[in-house]
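Structure, as C-alpha cells:
Residue numbers (the working numbering): 87 to 172.
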C-alpha cells in the first residue's frame, strides 16, 4: 500500500492524498464491516454476509482495474503530462 497509493497522486500532494485515501478507506471499509456483517447475519442469515463480501470484493476489483500504471512516468514531468498518462 505504501508504494501504490502515493503513485496515484502528484508528487506535491502524494503524502496527503495517500494518507487521506488510506484512512478514509479504513473507516468506510474495515471499521463498519463487522457491524454490517453482524446485522446481516442476525436479520437475514449468514449467507448474506457472503453476498456482502462478494460485493466488497467486486468493488475492490473494479477499483484495481481503474488504477493507472505510473512506472513509465517521470516525477520530473509537468503535472499536465503526469495526469494525462503520456
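Ideal placement from N, C-alpha and C gives every residue a C-beta, glycine not left out. Small disclaimer: the values here were computed from a predicted structure and weren't measured.
Cα separation between residue i and residue j?
{"i": "residue 98", "j": "residue 126", "result": "42 Å"}
{"i": "residue 95", "j": "residue 136", "result": "33 Å"}
{"i": "residue 110", "j": "residue 148", "result": "18 Å"}
{"i": "residue 153", "j": "residue 133", "result": "31 Å"}
{"i": "residue 88", "j": "residue 116", "result": "18 Å"}
{"i": "residue 128", "j": "residue 144", "result": "24 Å"}
{"i": "residue 124", "j": "residue 142", "result": "16 Å"}
Could you check whether residue j and residue i sit closer than 8 Å to each other, using their CB atoms as the reference points?
{"i": "residue 104", "j": "residue 91", "result": "yes"}
{"i": "residue 122", "j": "residue 138", "result": "yes"}
{"i": "residue 156", "j": "residue 93", "result": "yes"}
Starting from residue i, trace the alpha helix (DSSP H) both ways and give me its first and last residue.
{"i": "residue 92", "result": "90-93"}
{"i": "residue 129", "result": "119-129"}
{"i": "residue 115", "result": "Unbroken run through residue 115: none, as it is neither H nor E."}
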